[in-house]
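Notes follow once the structure below has been shown.
Numbering (the numbering used here), first residue to last: 233 to 464.
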């Protein structure tokens, strides 16, 4: 009986798992666990209200533009030019000369160049005084208001639009031509497809008028000649 018990103990000791830990054994390296924080994304207020409100309005998506699309430009330009200038000059000079020898007029006519006897010396003295004082003032004010439809010539890679507008009309033999160009951002175009001229970059505006009214506003030949003479 003791023999069987001893044999059983030996078998159990061989088959049982070993729970001891060796001094040379190390725990495997553990990967640190990173804390995950949820990042809140910006929420569109209109989208948040749409689910709980019956009167929430979803804004329309941004409009895209292509070449040859039309945009109406509202022109409201005003300019004021004012110049003022004054000039004051003064100049004095005196010249003296003495002529010691000069043939008489009778001998000079007869081509006899000889020194006359007992002729006194001729003295010549010149003097001048010049003074000028002038002032000028110029002031001009222009206002121009109109509405014109422009064509998109090009869409830049960054979305900037290149606009150009041309308009001409004739009334009572009066011809008027209007040419306008500039750059604008798509965000500046309103929902009504309009944009203010003050929002255009590199704005160029040219207005030409031809006709009787334009000719009547110009000075005639005689006033131009008089202005040229009296400018000095």
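Beta carbons: idealized from backbone N, C-alpha and C, even for Gly.
Terminal residues of the beta strand (DSSP E) in which residue i lies
| i | result |
| --- | --- |
| residue 440 | 433-442 |
| residue 408 | 406-416 |
| residue 426 | 426-428 |
Residue i (DSSP reduced to helix, strand or coil)
| i | result |
| --- | --- |
| residue 454 | helix |
| residue 324 | strand |
| residue 285 | coil |
| residue 392 | coil |
| residue 301 | coil |
| residue 377 | strand |
| residue 402 | strand |
| residue 383 | strand |
| residue 233 | Low local confidence applies: a pLDDT of 48 at residue 233 is under 50, so the model's placement there is unreliable, with the coordinate-based value given in what follows. In the structure shown, residue 233 sits in coil (DSSP, three-state: anything other than H, G, I, E or B). |
Closest by C-alpha distance to residue i, when choosing among the options
| i | options | result |
| --- | --- | --- |
| residue 396 | 403, 387, 402, 364 | 387 |
| residue 327 | 361, 316, 434, 296 | 361 |
| residue 391 | 295, 286, 288, 285 | 295 |
| residue 438 | 423, 426, 376 | 376 |
| residue 369 | 284, 308, 287, 314 | 314 |
| residue 366 | 379, 411, 316, 405 | 316 |
| residue 435 | 407, 306, 364 | 306 |
| residue 399 | 405, 363, 378 | 378 |
| residue 293 | 308, 419, 389 | 419 |
| residue 325 | 372, 460, 363, 309 | 363 |
| residue 421 | 460, 456, 381 | 381 |
| residue 183 | 285, 454, 308 | No information on residue 183 is available, as it lies outside the stretch 233 to 464 that the chain covers here. |
| residue 389 | 417, 410, 412, 407 | 417 |
Per-residue burial, residue i [other beta carbons within 10 Å of its own, 16 or more giving buried]
| i | result |
| --- | --- |
| residue 311 | exposed |
| residue 303 | buried |
| residue 414 | buried |
| residue 269 | In this predicted model, residue 269 has a pLDDT of only 49, less than 50, meaning its place in the structure is not dependable enough to derive any value. |
| residue 429 | buried |
| residue 427 | buried |
| residue 393 | buried |
| residue 432 | buried |
| residue 287 | exposed |
| residue 456 | exposed |
Test: residue i CB closer than 8 Å to a CB of chain D
| i | result |
| --- | --- |
| residue 375 | Checking the listed chains, one finds no chain D in this structure; it contains a single protein chain. |
(message) Using 8 Å as the cut-off, can you tell me whether the region 312-323 makes contact with the region 435-443, which would need three or more C-beta pairs spanning the two stretches below that distance?
(response) no
(request) Decide yes or no for the touch test of the region 371-389 against the region 291-310: beta carbon pairs closer than 8 Å, at least 3 of them. (result) yes
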